[in-house]
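Okay, so the sequence shown: first residue is 1 according to UniProt numbering, each after it adds one. Even glycine gets a Cβ: it sits at the ideal position worked out from N, Cα and C. Predicted model only: the values in this text are computed from it and were never measured.
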Amino acid sequence: MITSVKEFNNNINIEEVIYKLHGITIDKTGDLICPIHGTSHKKKKFNSSIDRQKNIFRCWTKNCTNGAVTPYGYIDYYLRNFMGMTDFKEVYKFIDDTFKTNLHKEFNYEPKKKNTFSKVIKVNEYCSEVLNVVLDEVIQHKNILLNAGTGTGKTRALAEGVKENFKNLGIDKVIYITPRASIVEEIEHTYKYKGFYKNDSVLPCESHIVATSHKAPLINLQMDIEYINFMSENREIILDKSTNYMLIIDEAHLLLSARNIIGNVKEIEKLIANAKYNIFTSANTEHFYNACKDVYNIKNHISIERKLKKYNLENLYVKRIDSNKEVKRKYLKELCKTEKNKKLIIYNNIYELKILEKELKSEGLDVALIYSDIKDNNDTIDFYKGIIEESTLKADITLCTSVIDTGININDNNVTTILIESNNTLDDITINQSFARVRTTKGNKGYLILDTIKNKTEKHSIISKFNSFLHSYMSLSKLTCDMFNEHMFNNYDSESFEEYKTVWNILSGNDMYKPYADLLKIETDQFNINPRMTIDSIKVYNKARKQHLQNNYYNDNFILSLLDDINAKSINLSYVEIDKPKEKEEKEDVKNFNNDLKKIIDNNDNIVLLINKYNFNINFESLNNTDINNLIKNHRSKLKKLDKRVSNMIKLIDNKNIEVSKAEYIIDMYNAYSLEKALLIKKRVNEIEYPIYNKLYLNGDFTGIGDIIYISIRKNCDCFIKNRNIVTKTAINTILAEIINYEKGYWNNEEKCWYDKNDKPVKINKYKKDIIKNIELIYDCSKEFKIYKLK
């Protein structure tokens with residue numbers, strides 16, 4: 001029985017497909033009149049053909065079938081374009097009925113997991129039952145990776161067990177490293193470890209410490225002999241290079257999946273290298289083991305599993321809905337109203353969560369929003385502490401980012417966990433962690449919200465292989481690495497790490513290196529010399545993993561395969577159709593403003609013309625910024641993206657103190673969006689006859705205009721990019737003269753100094769400092785004031 005598209009293409013002839021669909025027989029030449037669109041030629045000439053050897057059909061007409069197609073591709077194209085089918089499941093069913101295949105059953109595909117464990121230990125309930133076995137493995141192998149499912153109590157077993165067996169381990173300290181402050185607070189509160197996180201700067205003297213991963217540099221600093229000698233006069237020596245300590249890395253998978261955000265990984269790896277014992281622990285160790293076993297010298301991979309599986313979810317519903325944000329928001333609101341359980345919504349889009357919070361509260365619902373920048377706010381501290389200290393959801397609806405998706409327990413019954421994952425954020429580790437936060441077994445549900453696409457094609461029915469991505473990234477990273485090392489060898493004699501790093505910072509933005517720059521790292525020998533570019537194999541693995549996930553995002557079989565480790569009694573996948581909300585009618589003044597803005601952007605006219613027109617006719621504070629944002633987004637190809645600093649500025653327009661919070665998106669005609677346009681700028685500088693009131697890069701006491709400052713700096717300093725020379729005093733003096741001239745100032749030859757338009761001496765040094773500040777805002781500069789590139 002044929003059960004896959006690949007088998008269908010290998011076993012069904014294209015000739016048979018055309019005969020069953022159209023009743024057409026084909027002669028030995030393989031040429032025929034296209035069965036799909038026919039022919040307009042009077043003599044009915046052939047305009048298509050089949051290749052029996054390659055088993056493909058090709059229409060010679062340019063727009064028909066879009067090239068050669070396989071037997072499945074032919075059926076899929078014909079059914080979608082001429083039979084009105086839009087879903088791949090309908091196509092599968094038609095093929096099953098016509099060709100007696102079983103494609104539709106492929107939907108229930110169950111992948112086979114590879115077992116990479118050195119040892120599997122069975123327990124009745126918790127890891128603490130076999131902790132002595134785990135500690136024996138640590139003593140024997142030094143570095144172990146412990147896989148234990150969520151809810152098996154691995155945090156408690158390690159935190160308490162190591163404390164109880166401390167004297168038998170022959171160590172002086174236990175350092176428990178965890179990625180989030182919330183987990184530090186839980187371990188500190190529950191297991192009485194001394195916390196080292198947030199603004200703490202001195203490592204505690206206690207023998208049992210729990211710290212966030214961001215504190216690794218400080219811990220290493222206090223291992224330095226000179227630092228210890230300096231501190232020993234004032235306090236007990238806390239940690240030195242001869243100290244025997246055990247390092248426990250909690251949620252170790254984040255060293256792989258969140259490598260760029262958990263802190264200084266190099267410092268964590270230094271701690272790992274200097275520790276007597278290392279225990280890496282996680283509920284999802286498969287990817288971590290494959291990527292890191294050689295890097296961290298992991299000798300043993302142990303799994304602790306329950307004899308009887310516990311289900312913390314009654315049902316897990318996978319829902320595919322339209323990717324439109326308003327549609328998604330509408331569906332989430334409906335879920336919040338219809339679900340009687342408490343709701344925990346995890347969504348890594350704080351902007352959308354804030355909108356959802358506002359809309360839910362407006363309907364009188366009990367809502368709490370928790371994320372990293374607001375969790376200590378008085379309005380949310382009780383909700384946050386309820387989760388950390390009491391393991392309960394105090395609000396009926398709790399909205400949060402990833403701040404509580406790892407290592408936090410929720411002991412409420414009747415909780416519905418809702419996770420939203422887009423194509424760019426899909427991560428099987430995140431999925432497993434998020435649906436494991438609720439530790440009870442009564443009345444819990446889960447919803448995984450994914451995007452869908454209107455027309456699935458043949459490519460979405462094929463699961464791409466992980467190894468192909470890994471091989472590709474590894475090969476291209478190695479090529480990039482070798483090219484840079486060869487460049488340094490041929491052009492530089494120095495063995496300085498700093499010079500190596502400086503050159504890399506310049507060249508990493510080059511098109512040759514940029515695609516794989518984030519997969520490389522600079523390493524030195526033990527004396528911190530002989531630097532060489534090397535491949536960060538863990539980053540390569542993780543990038544291949546992410547690309548593999550994104551590439552298969554729309555494949556339902558693949559998504560179901562990611563959910564094997566979730567403790568749910570049943571898993572169902574379905575598609576949800578929701579009507580898009582009706583678009584709100586624009587207010588008349590906003591509509592007029594948007595129309596005028598569009599004309600100005602299209603014609604490259606100055607924003608001042610718009611501002612002058614609306615100075616007294618429109619309240620800028622009440623403008624619908626979303627409409628303006630969308631309008632400008634549609635014309636972004638004509639605009640230069642502003643520096644992030646600009647987003648924090650408020651423009652003063654025509655000295656009327658009218659605040660326009662979104663004016664940073666509007667760029668006047670004099671901004672260059674490429675180096676090539678610099679020549680045009682130079683020609684038009686002298687044509688300015690009216691003031692421009694966008695203080696774009698304004699910094700300091702200038703009364704001049706931001707655009708003029710920007711133009712003057714660009715035309716006098718762009719030449720230094722090419723040669724990477726230091727900005728000269730002549731260039732700064734020229735910029736100074738242009739700005740003062742624009743402000744109607746003048747040079748007093750007798751006094752040998754500049755005067756402003758009010759006949760007062762200009763503070764030259766202050767002006768020059770402000771010019772330098774503005775240069776630093778526009779370019780990437782070194783400490784020596786070499787210019788590398790535009791920001």
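### Message
Quick test of your reading: GLU206 and LYS215, contact by CB under 8 Å. State the CB separation rounded to the nearest angstrom.
### Response
Their Cβ separation, rounded to whole angstroms, is 14 Å, which puts GLU206 and LYS215 out of contact at 8 Å.
Original post:
Who are the near neighbours of LYS501 in its chain, counting only those whose CB is closer than 7 Å to its CB and skipping five residues on each side?
Top reply: ILE522
**Asked** Looking at the unbroken alpha helix (DSSP H) that takes in LEU255, where does it start and where does it end?
**Response** For LEU255, the enclosing alpha helix (DSSP H) covers residues 254 to 257.
Rounded to whole angstroms, how far is the Cβ of ILE538 from the Cβ of ALA291, which I believe are closer than 8 Å? 5 Å
message: Give me, in chain order, the residues of the same chain whose beta-carbon lies closer than 8 Å to that of LYS310; leave out the 5 immediate sequence neighbours on both sides.
response: GLY151, THR441 and ASN567
- Query: Going by C-alpha distance, which of ASN572, ASN264, LEU271 and ILE420 is nearest TYR332?
  - Reply: Looking at the sequence shown, residue 332 is not Tyr but Leu. When only C-alpha atoms are compared, the closest one is ILE420.
message = Please classify ARG52 as buried or exposed, where buried requires at least 16 neighbouring CB atoms within 10 angstroms.
response = exposed
- Message: In this structure, how does DSSP classify GLU251 when only helix, strand and coil are distinguished?
- Response: coil
Practice prompt. Name the two residues that bound the continuous alpha helix (DSSP H) containing MET488.
Written response: 466 to 491
Proximal residues to ASN55 (C-beta, below 6 Å), its chain only, five neighbours per side dropped | ILE14
Using 8 Å for Cβ pairs, my map puts LEU426 next to VAL318. What's the rounded Cβ distance? So it is not a contact: roughly 12 Å between Cβ atoms.
| query | For ILE775, which of helix, strand or coil comes out of DSSP? | reply | Note: ILE775 maps to helix in three-state DSSP.
Next on the checklist: Please classify residue 800 as buried or exposed, where buried requires at least 16 other C-beta atoms within 10 Å of its C-beta.
Outcome noted: With the chain represented from 1 up to 791, any question about residue 800 goes unanswered, as that position is not in the structure.
Review point. When we look at the beta-carbon of ILE24 and count the other beta-carbons within 10 Å, is it buried (16 or more) or exposed?
Key: exposed
Which of helix, strand or coil DSSP assigns to THR416 | strand
With three or more C-beta pairs closer than 8 Å as the rule, is the segment 252 to 261 touching the segment 504 to 513? no
task: Identify which residue in TYR554, THR65, ASN765 and TRP754 has its Cα closest to the Cα of LYS454.
output: Cα-wise, what sits closest to LYS454 is TYR554.
For this session: Look at the alpha carbon of ALA148 and the alpha carbon of ALA283, and state the distance between them as a whole number of angstroms.
Result: 5 Å
query: Counting pairs of Cβ atoms below 8 Å between the segment 137 to 145 and the segment 177 to 190, do you hit three or more?
result: Verdict: no, contact absent.
query: Where does PRO217 sit, in a helix, a strand or coil, going by DSSP?
result: Note: PRO217 maps to helix in three-state DSSP.
**Prompt:** Counting along the chain, where does the alpha helix (DSSP H) carrying SER561 start and finish?
**Reply:** 556 to 561
Handout entry: VAL576, DSSP secondary structure in three states
Key = coil
Exercise. Give the single residue among ILE772, ILE775 and LEU736 whose Cα lies nearest to the Cα of VAL762.
Key: When only C-alpha atoms are compared, the closest one is LEU736.
How big is the Cα-Cα spacing for LYS773 and THR730? 17 Å
Given a cut-off of 8 Å on the beta-carbon distance, is the pair ARG439 and ASN409 in contact? Their beta carbons are under 8 Å apart, which means ARG439 touches ASN409 by this criterion.
Practice task
Grab the span of the alpha helix (DSSP H) containing TYR126 for me, first residue to last.
Solution key: Note, TYR126: premise wrong, no alpha helix (DSSP H); not H, not E.
Requested in this report: Look at ASN9 and THR65 and say whether their C-beta atoms are less than 8 Å apart.
Outcome: Taking 8 Å as the cut-off, the Cβ atoms of ASN9 and THR65 do not count as close.
For the beta strand (DSSP E) that contains VAL762, what are its first and last residues? Taken as a continuous stretch (DSSP letters only), VAL762 belongs to no beta strand (DSSP E), as it is neither H nor E.
Contact the segment 360 to 369 vs the segment 391 to 401: 3+ CB pairs below 8 Å: yes
Q | Minimum C-alpha distance to residue 803 - residue among TRP754, SER561 and TYR779 | A | Beyond the ends of the chain as shown, which are 1 and 791, falls residue 803; an answer cannot be given.
message = Given this structure, state the Cα-to-Cα distance separating PHE620 from ILE355, to the nearest angstrom.
response = Only weak support exists for where PHE620 lies, its pLDDT of 38 falling under 50; the value from the coordinates is given anyway. Distance between the alpha carbons of PHE620 and ILE355: 21 Å.
Pairwise C-alpha distance: ILE345 and THR101: 41 Å
| said: Measuring only the C-alpha atoms, how far is PRO204 from ILE183? | reply: 18 Å
- Let me know if HIS253 comes out buried or exposed under the rule of 16 or more other beta-carbons within 10 Å of its beta-carbon. buried
From what residue to what residue does the beta strand (DSSP E) around LYS173 run?
173 to 178
query: Given a threshold of 16 other Cβ atoms within 10 Å of its Cβ, counted over all protein chains shown, does ILE209 qualify as buried or as exposed?
result: So ILE209 ends up on the buried side.
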